[in-house]
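Number of protein chains: 2
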Amino acid sequence: MTAPLHTLPRKVEPSLAPLMALVADGMNSVNAVILDRMQSRIPLIPALAGHLVAGGGKRMRPMLTLAGAALIGYEGDRHYKLAAAVEFIHTATLLHDDVVDGSDMRRGKKAANIIYGNPATVLVGDFLFSRSFELMTEDGAIQVLRILSNASAVIAEGEVDQLVAQRQVETSEERYLSIINAKTAALFAAACRIAAVVAERSEADELALDAYGRYLGIAFQLADDAIDYDSDASEMGKDQGDDFREGKMTLPVILAYARGSEDERAFWREAIAGNRNSDEDLATAIALIRKHDAVQATRERARDYAQRAIDAIARFPDSDAKAAMCEAAEFAVARRF
Amino acid sequence: MTAPLHTLPRKVEPSLAPLMALVADGMNSVNAVILDRMQSRIPLIPALAGHLVAGGGKRMRPMLTLAGAALIGYEGDRHYKLAAAVEFIHTATLLHDDVVDGSDMRRGKKAANIIYGNPATVLVGDFLFSRSFELMTEDGAIQVLRILSNASAVIAEGEVDQLVAQRQVETSEERYLSIINAKTAALFAAACRIAAVVAERSEADELALDAYGRYLGIAFQLADDAIDYDSDASEMGKDQGDDFREGKMTLPVILAYARGSEDERAFWREAIAGNRNSDEDLATAIALIRKHDAVQATRERARDYAQRAIDAIARFPDSDAKAAMCEAAEFAVARRF
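Chains as they are written, first to last, in our numbering: chain A, 6 to 342; chain B, 6 to 342.
1. Please list the residues of the stretch 145 to 179 of chain B that have a C-beta atom closer than 7 Å to any C-beta atom in chain A, keeping them in chain order.
2. Would you tell me roughly how many angstroms separate the C-alpha atoms of tyrosine 310 (chain B) and leucine 99 (chain A), rounded to the nearest one?
3. Comparing C-alpha positions only, which one of B:Ser157, B:Val165, B:Val169, B:Ser137 sits nearest to asparagine 155 (chain A)?
4. Under the rule that 16 or more other beta-carbon atoms within 10 Å means buried, what is serine 239 (chain B), buried or exposed?
5. Determine, using beta carbons only, whether serine 239 (chain A) comes closer than 9 Å to chain B.
6. Quick one, which of A:Lys63, A:Leu128, A:Gly31, A:Ala72 has its alpha-carbon nearest valine 54 (chain A)'s?
7. Note down, in chain order, each residue of its chain lying with its Cβ closer than 8 Å to the Cβ of lysine 327 (chain A), except the 5 sequence neighbours on either side.
8. Buried or exposed: where does serine 177 (chain A) fall if 16 or more other Cβ atoms within 10 Å of its Cβ makes it buried?
9. Quick check on this structure: which residue in A:Gln245, A:Arg264, A:His84, A:Gly252 has the alpha carbon closest to the alpha carbon of methionine 32 (chain A)?
10. Just to confirm my understanding: we take alanine 334 (chain B), look at its own chain, exclude 5 residues before and 5 after, and list those with CB closer than 6 Å. What are they?
11. Between B:Pro48, B:Arg66, B:Leu150, B:Ser324, which has its C-alpha nearest glutamate 1 (chain B)'s C-alpha?
12. Could you check whether the Cβ of leucine 128 (chain A) sits closer than 9 Å to any Cβ belonging to chain B?
13. Take the Cβ of aspartate 215 (chain A) as the centre, count every other Cβ of all protein chains shown within 10 Å, and call the residue buried at 16 or more, exposed below.
14. Is the CB of valine 255 (chain A) under 9 Å away from at least one CB in chain B?
15. Quick one: any contact between the stretch 165 to 179 of chain B and the stretch 31 to 51 of chain A, if contact means 3 or more CB pairs under 8 Å?
16. DSSP on lysine 63 (chain B), reduced to helix/strand/coil?
17. Tell me, please, whether the CB atom of phenylalanine 134 (chain A) is closer than 9 Å to any CB atom in chain B?
18. Out of curiosity, what's the CA-to-CA distance linking alanine 116 (chain B) and arginine 111 (chain A)?
19. Expressed to the nearest angstrom, what Euclidean distance is found between the alpha-carbon atoms of alanine 228 (chain A) and glutamate 18 (chain A)?
20. Considering Cα atoms alone, identify which of A:Leu182, A:Ala213, A:Gly62, A:Ala190 is closest to threonine 255 (chain A).
21. Does methionine 330 (chain A) come out as helix, strand or coil in the three-state DSSP assignment?
22. Could you check which residue in B:Lys86, B:Ala74, B:Leu21 has the C-alpha nearest to that of arginine 43 (chain B)?
23. In the DSSP assignment, find the unbroken alpha helix (DSSP H) run with valine 174 (chain B) in it and report its ends.
24. At a CB-CB cut-off below 7 Å, which residues of chain A make contact with aspartate 131 (chain B)?
25. Would glycine 78 (chain A) and tyrosine 217 (chain A) be called neighbours here (beta carbons separated by less than 9 Å)?
26. Can you tell me where the alpha helix (DSSP H) holding alanine 190 (chain B) begins and where it ends?
27. Could you tell me the distance, in whole angstroms, from the CA atom of asparagine 118 (chain B) to the CA atom of alanine 125 (chain B)?
28. Which residue marks the beginning of the alpha helix (DSSP H) containing valine 127 (chain A), and which one marks its end?
29. Are any of the Cβ atoms in chain B nearer than 9 Å to that of methionine 141 (chain A)?
30. Kindly indicate which residue of A:Cys331, A:Asp247, A:Gly60, A:Val35 has the alpha-carbon position closest to the one of threonine 70 (chain A).
31. With distances taken Cα to Cα, identify the nearest neighbour of asparagine 186 (chain A) among A:Val159, A:Gln148, A:Arg306.
32. Would you tell me roughly how many angstroms separate the C-alpha atoms of isoleucine 294 (chain B) and isoleucine 152 (chain B), rounded to the nearest one?
33. Beta carbon of histidine 95 (chain B), beta carbon of leucine 192 (chain B): below 9 Å?
34. Whole angstroms is fine: what's the gap from serine 324 (chain B)'s alpha carbon to cysteine 331 (chain B)'s?
35. For the stretch 184 to 200 of chain A, list every residue whose C-beta sits within 8 Å of some C-beta in chain B, in sequence order.
36. Grouping DSSP H, G and I as helix and E and B as strand, with all else coil, what is methionine 110 (chain A)?
See the structure below:
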């Protein structure tokens, strides 16, 4: 299946710049809440949280809450606190991920667990998670609490599912999609949806924003997984080959394994089991993935989901917000880092 | 300071039996919620959670929610779900504690992290924590969400504070009390308080139940910390000496260090720093603690807090519930395991 190019005209470089410009003022308010509410009487907490918070993440999820609010014309200020709550959930997840994966690097810096140790990293994650629910209760919208507590449980389920699937070479594309839907797309969807909740818009609007976020999240994750095997990428937030060495069955590997010869499959079985993880083995993996166009195919899947995200918000009137959200979907797929 | 013995008459054996009898029916409902809501489409989640949930904890916190409800004559059924939510927060905390401490044993069984590994243990803790907030949002009382999200953040702060204080021989009694107030007493207090919230009782009743739970939690933790150095204890839920080997500054050590000679302090400095942790060193530690009556003094502090718990609920009319809650406070201090 090829992407419908006529509705996704290829620019030289689709960019996040329009989205960032759209929400720049609002993000100042969100960032102020984030900085204020990661404080604690225990100095290690803001130190550890700040290492990640200051670490240069894009803050996609709170930007999406603000963009969704702009799309539907919300004029209040309740969404700033809620967008910060969303980012706290994401940050808590990243801290726990680094412990779970035994990561060395995150966003191009030493991971928090390397500097502060696993115990403190787990506990500060718990603190940020609790703090996010405190922020939500201050707002008081039970429907927002329902959406974000459900998303949090789904994320944890997705992370456990990914852990179980790790080093399982027979993981299907369907299961992989189920995992990334849970571990990544659920929070993107919730971040967008809550904008419609605070604006008291119809359930149909809620679901449209939920769908935009969900498809965008899948597109982002698919593109991330492609990038991890894309040897042209010169600059990345994490070390290339991490997924390979951790035996994660991401779509490029699933496709290369499915399309491979028996000899190639034998290589993948050994590699995913953890018996072949040298730089040379990584080079072999990348060569096989390239041979079967598996990075390209993964990007095409991502492009399909980006298009679905764009279609999900077609119902809203044209606006700067809508244009920025559509370009963000193109950016998710086109980026190389 | 001696405990006011005339208001805490020593029975041969104060017991939890009256409390357990009081809430037995209600706990069947709570346990049904716990078993139902720890399920997941990912089988590893109920397996890992069930290892701890079936592991024979007393379920003190949900029992306290139910006892508090009985004390004030609440006749509804909203508290069952909320009591389960409290137990999920506690269970999540225990799972993360085991990872943080690198525990081998929990409640006399292998700790979950030993069987399932740290990654799954962290993630299932996250799942249970999220699920607890889902349960609360189903009930919908924003005030309950406020109380429990705040308690969760305070617990995490207390755990981080304990981590920072670990192996710091100069930890003061004041700081130690601040740590156990956060890591243990906050959830006891919240568990009791929410009974008054669902029953829509006055803020004064809320605060009385909060105080009962808080003082009881401190009493329990002080008694636990005494038991870890009480060589007469023949049966314990965790290996004796764990606190010593982990370099935790609990009150028996703080008192023995404060009351010790310069030679004894030199021993404690080495031991708490982690340089003396053999069985012989543990025997030395217990001997020093005994020499300075530090277990006894810790129990006396616990007895004082138990009395404060009893006084906090004096305002309520006499009832089976009140008698059971008072005896639970005596039990907290008198138990030897």
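Where a beta carbon is used, it is the ideal one built from N, C-alpha and C, also for glycine.
Predicted, not measured: the structure shown is a model, and the values here were computed from it.
Based on what the coordinates show:
1. Residues of the stretch 145 to 179 of chain B with a C-beta less than 7 Å from any C-beta of chain A: Gly145, Ile147, Leu150, Arg151, Ser154, Asn155, Ser157, Ala158, Ala161, Glu162, Glu164, Val165, Asp166, Leu168, Val169, listed in chain order.
2. Straight-line Cα distance between these residues: approximately 40 Å.
3. B:Ser137
4. With a pLDDT of 45 at serine 239 (chain B), under the threshold of 50, the predicted position of this residue should be treated as unreliable, though the coordinate-derived value follows. Looking at its Cβ environment, which holds fewer than 16 other Cβ atoms inside 10 Å, serine 239 (chain B) is exposed.
5. Because serine 239 (chain A) carries a pLDDT of 45, less than 50, the predicted location of this residue cannot be relied on, and the following value inherits that uncertainty. Answer no: the Cβ-Cβ gap between serine 239 (chain A) and chain B never drops below 9 Å.
6. Note on residue identity: the sequence assigns alanine, not valine, to residue 54 (chain A). Alanine 54 (chain A) has its Cα closest to that of A:Leu128, out of A:Lys63, A:Leu128, A:Gly31, A:Ala72.
7. So the list reads Leu76, Ile318, Phe321, once near-sequence residues are dropped.
8. exposed
9. It is A:His84 whose Cα lies nearest to the Cα of methionine 32 (chain A).
10. Leu221, Ala311, Ala314, Ile315
11. Nothing about residue 1 (chain B) can be reported from this structure: the residues present for chain B run from 6 to 342 only.
12. yes
13. buried
14. Sequence inspection shows threonine at residue 255 (chain A); the valine mentioned does not correspond to that position. Output row for threonine 255 (chain A): interface = no.
15. yes
16. coil
17. yes
18. 30 Å
19. 15 Å
20. A:Leu182
21. helix
22. Going by the sequence as given, residue 43 (chain B) is methionine instead of arginine. When only C-alpha atoms are compared, the closest one is B:Lys86.
23. No alpha helix (DSSP H) holds valine 174 (chain B); DSSP gives it neither H nor E.
24. Under a criterion of Cβ atoms nearer than 7 Å, the residues of chain A adjacent to aspartate 131 (chain B) are, in order, His101, Ala161.
25. no
26. Segment: none, alanine 190 (chain B) is in no alpha helix (DSSP H) and carries neither H nor E.
27. 8 Å
28. 123 to 144
29. Put simply, the CB of methionine 141 (chain A) is near chain B, with a gap under 9 Å to one of its CB atoms.
30. If you compare the alpha carbons of A:Cys331, A:Asp247, A:Gly60, A:Val35 with that of threonine 70 (chain A), the shortest gap goes to A:Val35.
31. A:Val159
32. 38 Å
33. yes
34. 11 Å
35. none
36. Methionine 110 (chain A): strand per DSSP, three-state reduction.
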